[in-house]
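Student: Sharing a structure, written as structure tokens. Questions coming.
Shown next, in the form of structure tokens:
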């Protein structure tokens, strides 16, 4: 399949610019075919004008039709077949089974939002009927629901070229909400972007969506910030580094009209190992934790980058078992050269600190020409850990840091000192229960998801998922970027007061034609209003 | 009743500072009794340490107990009796029936949140049960609910000394959510604040709440910003001017750890009058609109400051009727001297513009020594209105601006050019319906609440109320500051994965002991999980 390298400007493809770039394959240590052209100022403005023009049309498209659009995107992505898997593997250096799984997840997300739209209850319809005879004042009829916020800018992530990129969770939830999407494609996987964008445009045309409902562009760093600043854009979805996320956040909040930014940025995802869990399950935990650290070359926002335990014979025995398991892990190529360089530098910087010990590393050499990351486990005392802020900074890759606490109070203090996290995981046995409750309370306050007896990698796409947490894990802890609740990022409530029934949106009409659960006078019901 | 002028530092009263101020009564043109002492740096830090210490205790207080606390606050406020009404009238220059009504509303809000806590469904419990045999990967049990965000700073508003101040909607919703509150009392009504704060503290002690769950302080402008910047504070509620709101917003988003600010700031609340509505109901609309403009001396965030119509014989006739009705309105004293001065300056500035005509004003003189506002109606052509940004700035007081459009497209263009609004109101008759739909769409996109055949003043406290809108109406259009949904400002979701049942919060336990509606595997149900 030949890649054109063009931008997707609404329904037109365009490459007017004179700057282009190529994707680079880590495993082959070479550039990949395809010249991808950075959008010009004119193309940039056209994209935003199209999104602006599409919004009033798209927001009026019935939810069931938007659902058809999302299902059609999933179908068209599947139709891309092996070509997508192949290109995506080349660009990400991730193995085919992972990409095939990620494709299933991406299509599953789109279908989940399609089902949510057909179910319809997500608009949170609330109705308080009029009481014209109420004293001292009559009560008006008021009906409230969620409506789309406007065009959304989506920044593709390097580490999920499908599930968090062009047709990923941000795009799926924004389109589901009724918002046009402008994707800024990640420079690591432009070919994947081109294939997926073509699938989305095909689906939009087939299901009769307005031009401008989706666009996808290659942008300079400067224009990436300009995208966030553009008055047409009403919200931003981003997954990536803390520094880039904060640049977008700062741009968004300093606009004349500030807008919400959902930036998922940085987490070290503490794993807390209690003594009795280690006594009972030392080997299993050692094995599973090692696997979680090196999964996907550690390139997950949920990578367990911090493991905390109180010192004891059990923890000593665990460390030995863990070191052994870890030695058996294999280096793997990283997503791109920059990430590989940053990983090596971060590991080097850690190891130059006198407080840090190396507990274990992969027994295999990492192949530099394939940009492989060498898995490593560092160790530090809790007091030293708390003494330097840089020890709690994320190392993006297959590295983790064991923090040894002298007692429970020091474990609690160490957790209290952490920044916000996406997740926290706890391994405990019934005999640990007395010490458990305060720890659960502390980590609930620090993280968006708390895992018992498991590992943070593997984020289920479902209604109950919370993938988001206190800053700097994300810029907005009220939001999730995974699961059906991700749709709430791109809506706001509007109340209609004393409206004639036929002028109301269907979700709020007396007859309840969508048959959705609504809060009517304080009671949740699907009954019509009579 | 003697006022101490002290700060409420947790359960202790304290006035260590050497700077104090008095309240001023507009109607008496004199200072009122009571010297209110600005909190010192030490008192300020103590307040925040107490809030920080109270949070882990208060968040664990069962919802039913928090409900008792809220009910007790309402009870203690009622127990303050006439002393509260009297002082509040003196400090606000609002008439006693209004203050009595506002007290009822304030207590009603507290009781509404108490009921919401007892109902319990508001935590948005979502459960997806485990599927250990799922292929290719087993599915973990995940359960998600809303938890409190942490200590909240509340800034009292001048125009609602009870309902948007010390024990107002921000405080009630934050306490309901499980968040300790630090109130920065408004300098216009410190005596009211002292009385209400004493009621809250009494209720906290009677219902066994932890010290620090509520504090109330008098702060310098500088320390008001420092309150927003303080690391203990996790969210901010504010109602007031755009300039102060934006100062707090900027402080909050530039913190090392940014926090959400719910600032309700500025709106002119367009009222759109269609031709046939004016033909059918000219006199009624003229009368009711005039009443809405001057209600409470126009000192409402929902004051109808902009009235739009297409020019026609009907609109000409309406203007004559409106001018007549408006002449019969009466001047009334304003909340404080600064607001009175700002009103007079804004009106003067409007009238100095050559594009602006005076259509009507109150036939009665305004008494300067009582700081009365003189009600006035200005008029401008739509093209002139759009030509100068200052014509769409809020005049806080009993003034409104009639905008005359030459046709429907100009009406639409004028609405499109508006900034975000709290409300938009539409008066139409069946014969106007063809022109109506595009207008409803435009204003739904601009405002938080759209009113048909009514006026924006009078904000019902209920589940379906949306009191919030796109910037600059509020700093966060996703939120409401009135109604039960206001609680969502001070919470965030957390997911528990694979937790043993007894370690889960009650809302998520299998047996559903709170008997709340939950989303279980995609279906809303109160059934237990078996």
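Chains as they are written, first to last, in our numbering: chain A, 191 to 720; chain B, 191 to 720.
Even for Gly, the Cβ is constructed at its ideal location relative to N, Cα and C.
The structure displayed is predicted, hence computed values, not measured ones.
(1) Decide if the stretch 371-385 of chain B is in contact with the stretch 270-278 of chain B; the criterion is three or more beta carbon pairs, one per stretch, under 8 Å apart.
(2) Would you identify the three-state DSSP class for residue 265 of chain A, choosing helix, strand or coil?
(3) Grab the span of the beta strand (DSSP E) containing residue 468 of chain B for me, first residue to last.
(4) Helix, strand or coil, according to DSSP, for residue 595 of chain A in the structure here?
(5) Residue 283 of chain A by DSSP, collapsed to three states: which one?
(6) Going by DSSP in three states, residue 562 of chain A sits in which element: helix, strand or coil?
(7) Short of 9 Å Cβ to Cβ, which residues in the stretch 308-323 of chain B face chain A?
(8) Answer yes or no: do residue 407 of chain B and residue 418 of chain B have a C-beta to C-beta separation smaller than 8 Å?
(9) When the Cβ atoms of the stretch 509-521 of chain A are set against those of the stretch 476-484 of chain A, are three or more pairs found closer than 8 Å?
(10) What is the DSSP secondary structure of residue 307 of chain B, counted as helix, strand or coil?
(11) Given a cut-off of 8 Å on the beta-carbon distance, is the pair residue 208 of chain A and residue 194 of chain A in contact?
(12) Going by alpha carbons, who is nearest to residue 320 of chain A out of B/506, B/661, B/654?
(13) Out of A/301, A/336, A/370, A/386, state which residue places its alpha-carbon closest to the alpha-carbon of residue 273 of chain A.
(14) Under 9 Å Cβ-Cβ, which residues of chain B neighbour residue 602 of chain A?
(15) Chain B partners of residue 631 of chain A, CB-CB under 9 Å?
(16) Roughly how many whole angstroms lie between the Cα atoms of residue 260 of chain B and residue 677 of chain B?
(17) By Cβ distance below 8 Å, which residues in the same chain neighbour residue 234 of chain A in space, the five residues on each side in sequence not counted?
(18) Ignore the nearest five residues each way along the sequence and tell me which others in residue 550 of chain B's own chain have a CB closer than 7 Å to its CB.
(19) Need the endpoints of the beta strand (DSSP E) that residue 699 of chain B sits in, please.
(20) Are any of the Cβ atoms in chain B nearer than 8 Å to that of residue 665 of chain A?
(21) Who pairs with residue 551 of chain B in a beta bridge, going by DSSP?
(22) Whole angstroms are fine: how far does the CA of residue 250 of chain A sit from the CA of residue 310 of chain A?
(23) Would you call residue 333 of chain B buried or exposed, if buried means 16 or more other Cβ atoms sit within 10 Å of its Cβ?
(24) Is there a C-beta anywhere in chain A that falls below 8 Å from the one on residue 670 of chain B?
(25) Comparing alpha-carbon positions, which option in B/239, B/224, B/295, B/222 lies nearest residue 651 of chain B?
(26) Measure from the alpha carbon of residue 473 of chain A to the alpha carbon of each residue in A/498, A/509, A/262, then state which is nearest.
(27) Can you round the beta-carbon distance between residue 196 of chain B and residue 236 of chain B to whole angstroms, since I take them to be within the 8 Å contact cut?
(28) Please state the DSSP three-state secondary structure of residue 408 of chain B.
(29) Check residue 193 of chain B in the structure and name its three-state DSSP category.
(30) Using the Cβ count rule (16 or more neighbours within 10 Å means buried), how would you classify residue 533 of chain A?
(31) Could you check whether residue 594 of chain B and residue 572 of chain B sit closer than 8 Å to each other, using their CB atoms as the reference points?
(32) Helix, strand or coil for residue 336 of chain B per DSSP?
(33) Can you tell me which of B/446, B/457, B/375, B/369 puts its alpha carbon nearest to the alpha carbon of residue 420 of chain B?
(34) Hey, could you find the ends of the alpha helix (DSSP H) residue 376 of chain B is sitting in?
(35) Could you list which residues in chain B have their beta carbon closer than 7 Å to that of residue 644 of chain A, in chain order?
(36) Could you tell me which residues DSSP pairs with residue 301 of chain B in its beta bridges?
Tutor: Looking at the atomic coordinates:
(1) The stretch 371-385 of chain B makes contact with the stretch 270-278 of chain B, as at least three CB pairs between them are under 8 Å.
(2) On the first chain, residue 265 of chain A is found 75 positions in, with the first residue counted as 1. Three-state DSSP puts residue 265 of chain A in a helix.
(3) On the second chain, residue 468 of chain B is found 278 positions in, with the first residue counted as 1. From DSSP, residue 468 of chain B is part of no beta strand (DSSP E) but of the alpha helix (DSSP H) over 465-484.
(4) The residue labelled residue 595 of chain A in the question sits at position 405 within the first chain. Reduced to three states, the DSSP call for residue 595 of chain A is strand.
(5) As a working note, residue 283 of chain A is residue 93 in the first chain. In the three-state scheme derived from DSSP, where H, G and I count as helix and E and B as strand, residue 283 of chain A is classed as coil.
(6) Reading the first chain from its first residue, position 372 is the one you call residue 562 of chain A. Strand at residue 562 of chain A.
(7) 309, 311, 314, 315, 316, 317, 318
(8) To locate residue 407 of chain B, count along the second chain from 1; it is residue 217. To locate residue 418 of chain B, count along the second chain from 1; it is residue 228. Result no, Cβ atoms of residue 407 of chain B and residue 418 of chain B do not sit closer than 8 Å.
(9) yes
(10) Residue mapping note: residue 307 of chain B aligns to position 117 of the second chain, counting from 1. DSSP, read as helix, strand or coil, puts residue 307 of chain B in helix.
(11) Counted from its first residue, the first chain places residue 208 of chain A at position 18. Counted from its first residue, the first chain places residue 194 of chain A at position 4. Not in contact: residue 208 of chain A and residue 194 of chain A (Cβ atoms no closer than 8 Å).
(12) Residue numbering aside, residue 320 of chain A sits at position 130 when the first chain is read from its first letter. For the residues B/506, B/661, B/654, the minimum Cα distance to residue 320 of chain A belongs to B/654.
(13) In the first chain, counting from the first residue as 1, residue 273 of chain A sits at position 83. The shortest Cα separation from residue 273 of chain A among A/301, A/336, A/370, A/386 belongs to A/386.
(14) Walking along the first chain from the start, residue 602 of chain A turns up at place 412. Near residue 602 of chain A there are no residues of chain B at all, since even the closest Cβ is about 11 Å away, more than 9 Å.
(15) As a first step, residue 631 of chain A is located in the first chain; it is residue number 441 there, counting from the start. Simply 246, 249, 250.
(16) Against the second chain, residue 260 of chain B aligns to sequence position 70. Against the second chain, residue 677 of chain B aligns to sequence position 487. Residue 677 of chain B has its alpha-carbon roughly 13 Å from the corresponding atom of residue 260 of chain B.
(17) Residue numbering aside, residue 234 of chain A sits at position 44 when the first chain is read from its first letter. Counting only Cβ-Cβ distances below 8 Å, and skipping sequence neighbours, we find 407, 409, 413, 416, 417.
(18) Here residue 550 of chain B is taken as the residue at index 360 of the second chain, counted from 1. These residues qualify, in order along the chain: 512, 513, 516, 517, 567.
(19) Translated into positions along the second chain, residue 699 of chain B becomes position 509. Note, residue 699 of chain B: premise wrong, no beta strand (DSSP E); not H, not E.
(20) Start at 1 with the first residue of the first chain, and residue 665 of chain A comes out as number 475. Closer than 8 Å to some Cβ of chain B, the Cβ of residue 665 of chain A qualifies, so yes.
(21) Locating residue 551 of chain B in the second chain gives position 361, where the first residue counts as 1. BP columns for residue 551 of chain B point to B/566.
(22) Translated into the one-based positions of the first chain, residue 310 of chain A becomes position 120. Translated into the one-based positions of the first chain, residue 250 of chain A becomes position 60. Spanning the two alpha carbons is a distance of roughly 15 Å.
(23) For this step, residue 333 of chain B is matched to residue 143 along the second chain. Classification for residue 333 of chain B: buried.
(24) Taking the second chain and counting its residues from 1, one reaches residue 670 of chain B at position 480. It does; some Cβ of chain A falls within 8 Å.
(25) In the second chain, the residue the question calls residue 651 of chain B occupies position 461. Minimum Cα distance to residue 651 of chain B is reached at B/295.
(26) Counting from one through the first chain, the residue named residue 473 of chain A turns up at place 283. Minimum Cα distance to residue 473 of chain A is reached at A/509.
(27) In the second chain, counting from the first residue as 1, residue 196 of chain B sits at position 6. In the second chain, counting from the first residue as 1, residue 236 of chain B sits at position 46. Rounded, the Cβ-Cβ distance is 13 Å, inconsistent with contact.
(28) Position 218 of the second chain holds residue 408 of chain B. If DSSP states are grouped into helix, strand and coil, residue 408 of chain B belongs with coil.
(29) As a working mapping, residue 193 of chain B is identified with position 3 in the second chain. Collapsing the DSSP output to three states places residue 193 of chain B in coil.
(30) Sequence index remark: in the first chain, residue 533 of chain A carries index 343 (1-based). Answer is buried; the Cβ neighbour count reaches 16.
(31) Position 382 of the second chain, counting from 1, holds the residue named residue 572 of chain B. Position 404 of the second chain, counting from 1, holds the residue named residue 594 of chain B. Their beta carbons are under 8 Å apart, which means residue 572 of chain B touches residue 594 of chain B by this criterion.
(32) The residue you call residue 336 of chain B lines up with position 146 of the second chain. If DSSP states are grouped into helix, strand and coil, residue 336 of chain B belongs with the strands.
(33) Locating residue 420 of chain B in the second chain gives position 230, counting from the first residue. Taking only the C-alpha atoms, the option nearest residue 420 of chain B is B/446.
(34) Residue numbering aside, residue 376 of chain B sits at position 186 when the second chain is read from its first letter. Premise fails: residue 376 of chain B is in no alpha helix (DSSP H) and is neither H nor E.
(35) Position 454 of the first chain, counted from the start, is the residue given in the question as residue 644 of chain A. Correct list: 330, 687, 688.
(36) Along the second chain, read from residue 1 onward, the residue named residue 301 of chain B stands at position 111. Per the DSSP secondary-structure output, residue 301 of chain B pairs with nothing in a beta bridge.
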